[in-house]
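Notes follow the structure.
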Amino acid sequence: MIWLMFLSVLAGPLATAPVQAQEAVSDIHWLKADVPPIGISSGPFAGKGLHGGIVKALLGHEAGPGMVEGHANMARLFSLIKSGNYCVPGLIKTAEREEFVYFTDHPTAVLDTSHLVYAVSNKKLRDKIDENVSLRQLLADGFVVGVGAGISYGDGIDEIIQSYEGEPVVIRHPTPNFIEPILSMIEMERVDFSLAPPWAITWLLLNEKLKPRNAKMPKVITHPFREASTKTNYHVACTKNDWGRQAVALLDEMLTRADVQQALDRNAEVWMSVKNAQEHLLD
């Protein structure tokens with residue numbers, strides 16, 4: 010019954026009213042990646058993180074009990090979104106994902122782009138790093154990249170990785186909660202470098218991986234690369250069916266509101282700024 014009410018609000022003439030729209034959004038069941046600082050669904054910081062902040066910005070308040078599910082396994086998350094009526098608050102829009110979800114036109118977060126992550130001790134790779142370093146050229150030269158399963162780095166970058174699928178220069182870690190394992194692979198020299206989206210860079214800094222306490226220099230460093238765009242947009246994605254189409258239309262309408270955009274900007278500033286995220290986690 011609740012979903013019939015939700016659809017009637019979406020389709021009805023009152024859907025444009027802010028109060029009605031916010032009530033309809035309150036009925037959405039959300040899925041989010043349970044990988045800090047994207048989403049934290051357990052422990053004392055439950056509901057916090059970039060994704061939790063996006064949901065709060067759209068609702069105007071914390072989500073109700075049982076309305077948000079966190080999954081560290083992206084394959085599980087994508088399986089769920091294909092099987093029922095769900096939305097994910099922040100995903101990169103790619104052609105592959107558009108086969109099973111609808112994306113909002115407006116973003117819920119605009120973040121810095123992905124970086125290369127590599128060991129300071131890898132002199133051979135460091136000699137290749139400059140302002141015009143190319144991911145495609147590094148792979149063509151035989152350098153090995155480690156990436157997380159189910160993680161998107163943007164259409165153009167994903168296409169480069171896909172073009173080397175099955176070749177020894179691309180190693181995928183089987184779980185999307187890949188940051189610690191990939192760092193180990195870098196340190197053990199199983200891979201030369203990894204690709205880190207902006208939230209992963211924040212995680213690295215928060216956990217003192219890029220600047221360890223009392224260390225003279227970090228073990229790993231990051232660097233932008235040529236194929237990455239200046240900024241990356243993250244959108245709401247909803248199940249690809251009639252319900253999802255209407256949900257996305259409603260969410261796009263809400264994303265034009267100045268108060269919602271201001272809340273989303275503040276959320277991104279908190280969770281993608283190392284200093285602000287650290288302070289927020291310690292509140």
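Counting from 10, one number per residue, gives the positions in the sequence shown under the numbering used here.
Just so you know, even glycine gets a beta-carbon here, dropped at the ideal spot from N, CA and C.
Per DSSP, which one or two residues make a beta bridge with Phe152? Looking up residue 152 in the sequence shown gives position 143. Phe152 is not bridged to any residue.
May I have the straight-line CA-CA distance separating Val154 from Leu134, to the nearest angstrom? Start at 1 with the first residue of the sequence shown, and residue 154 comes out as number 145. Start at 1 with the first residue of the sequence shown, and residue 134 comes out as number 125. Taking the straight line joining both Cα atoms gives about 11 Å.
With distances taken Cα to Cα, identify the nearest neighbour of His115 among Ala42, Leu67, Gly75. The sequence position of residue 115 within the sequence shown is 106, counting from 1. If we check each option's Cα against that of His115, Leu67 comes out closest.
What residues in its chain sit with their C-beta under 7 Å from that of Gly21, if we drop five residues either side in the sequence? Within the sequence shown, the letter at position 12 stands for residue 21. Residue confidence for Gly21 is low, a pLDDT of 44 falling below 50, so the modelled location carries little weight; the figure read from the coordinates is stated next. Nothing meets the Cβ criterion.
Is Phe87 helix, strand or coil by DSSP? By 1-based counting over the sequence shown, the position of residue 87 is 78. Residue state, collapsed to three classes: helix.
Here's a check: name, in chain order, each residue in its chain whose Cβ is nearer than 7 Å to the Cβ of Leu40, leaving out the five neighbours to either side. Position 31 of the sequence shown, counted from the start, is the residue given in the question as residue 40. If we look at Leu40 and ignore the five residues flanking it on each side, its Cβ neighbours are Glu78, His80, Leu86, Leu89, Ile90, Tyr95, Val97.
What does the alpha-carbon distance come out to for the pair Leu219 and Ile230? One-based indexing of the sequence shown puts residue 219 at position 210. One-based indexing of the sequence shown puts residue 230 at position 221. When rounded, the distance between both Cα atoms is 6 Å.
C-alpha distance - Glu168 paired with Ile101, whole-angstrom precision: On the sequence shown, position 159 is the one that residue 168 refers to. On the sequence shown, position 92 is the one that residue 101 refers to. Spanning the two alpha carbons is a distance of roughly 14 Å.
With a threshold of 8 Å on Cβ separation, who are the neighbours of Val34 within its own chain once the five nearest residues in sequence on each side are excluded? Along the sequence shown, one-based indexing puts residue 34 at 25. These residues qualify, in order along the chain: Leu67, Leu68, Leu259, Leu260, Met263.
Please list the segments of the beta strand (DSSP E) lying wholly inside the segment 153-237, counting only runs of 3 or more residues, in order along the chain. 154-157, 179-182, 202-205, 229-232
According to the Cβ coordinates, are Thr113 and Gly99 closer than 8 Å? What you label residue 113 is simply residue 104 of the sequence shown in a count that begins at 1. What you label residue 99 is simply residue 90 of the sequence shown in a count that begins at 1. Cβ distance not < 8 Å, so Thr113 and Gly99 don't count as in contact.
Determine the closest residue to Leu214 out of Val126, Phe152, Asp136, Asn141, with distance taken between C-alpha atoms. Within the sequence shown, numbered from 1, the residue matching residue 214 stands at position 205. Selected option, being the one with the closest Cα: Val126.
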